[in-house]
Amino acid sequence: MNETIKHQLNHCTRRQFSDQPISSEIINTLAEVAFRTATHMHMQAWSIIRVTDAKIRQRLADIARQPHLKYAPELWIFIVDCRRNLKIAQAQGYTGQAGNTLDRFMQGYIDACLAAQNVLNAVESLDMGGVYFGSIAHDYQGTCEALAMPELTFPVVGLGFGYPTDDVLLKPRLPRQFRFFENTYADTIDKVSDLAEFDAELTCYYDVYEPGRSDAAFSKKVFKH
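In this text, residue positions in the sequence shown follow my numbering: the first is 1, and each later residue adds one.
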């Protein structure tokens with residue numbers, strides 16, 4: 001097994017980081033990794049906002065309800081950016097609204113997600129760790145205002161990363177038979193008891209960090225979030 005796959009199979013969310021600075025060379029390399037990610041029709045309809053301002057970080061931490069957001073050595077927000085391409089077209093006399101369609105939005109959204117994962121893979125290959133902040137979605141309008149995002153842009157996900165200091169365990173995942181199908185979709189869960197073994201495994205995981213958590217079992221978690 002090669003090192004890339006080893007890192008991917010050992011992925012864990014990391015939320016605590018040392019003060020060790022990340023070199024500008026690494027930052028530039030990670031940006032290039034992001035920009036080399038596959039993109040729909042070569043439209044590249046997404047961008048990154050690197051957040052270094054403490055006040056903006058605090059605002060985003062409040063929105064996400066995750067105080068540790070503001071302490072990540074690096075914080076990148078991946079966004080849909082249909083604005084750039086529309087402005088390029090308008091500069092050439094285009095008067096339509098091709099950039100303002102659900103299809104274009106979804107292209108940019110998917111591309112931004114792919115880029116975020118590509119960057120995290122690279123981060124982990126450098127013996128760093130990261131944490132996604134999908135919770136910036138708690139207040140999309142507030143996130144847009146905090147980042148001064150104009151029309152035809154939209155926040156997708158935040159990624160905080162650095163050199164981790166926390167010790168973490170691999171978080172259990174649903175067994176393959178519930179998620180990996182061939183040719184057609186399959187309803188593989190007929191009753192809650194089908195999840196009994198996985199529920200027990202996940203409860204043991206949470207007992208290490210949050211003993212007594214009411215939604216530790218996966219079957220409870222699905223309707224509480």
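Idealized CB from N, CA, C, for every residue including glycine. Nothing here was measured: the structure is a model prediction, and the numbers come from that model.
Item                                                                                                      : Value
Completely contained beta strand (DSSP E) runs for the region 37-94, where each covers 3 or more residues : 46-50, 74-81
Backbone CA spacing between residue 43 and residue 82 [nearest angstrom]                                  : 9 Å
Opening and closing residue of the beta strand (DSSP E) in which residue 159 lies                         : 153-162
Inter-stretch contact at 8 Å, needing at least 3 Cβ pairs: the region 141-153 / the region 113-133        : no
Contact between the region 8-18 and the region 157-165 (3+ Cβ pairs under 8 Å)                            : yes
Short Cβ contact (9 Å threshold) for residue 203 with residue 186                                         : no
Cβ neighbour criterion (16 or more within 10 Å) applied to residue 143                                    : buried
Counterpart residues of residue 131 in DSSP-defined beta bridges                                          : 160
For residue 178, the three-state DSSP class (helix, strand or coil)                                       : helix
Residue burial classification, residue 195 (beta-carbon count within 10 angstroms, cutoff 16)             : buried
Opposing strand residues paired with residue 17 [DSSP bridges]                                            : 164
Contact belief for residue 157 with residue 30 at Cβ below 8 Å, rounded distance in angstroms             : With a Cβ gap of about 15 Å, residue 157 and residue 30 do not count as contacting.
9 Å Cβ cutoff, residue 13 in contact with chain D                                                         : In the structure shown, chain D does not exist; there is a single protein chain.
Where the alpha helix (DSSP H) through residue 7 begins and ends                                          : 3-9
Cβ-based neighbour list, residue 48, same chain, cut-off 8 Å, excluding 5 preceding and 5 following       : 31, 34, 76, 77, 78, 79, 115
Cβ neighbour criterion (16 or more within 10 Å) applied to residue 86                                     : buried
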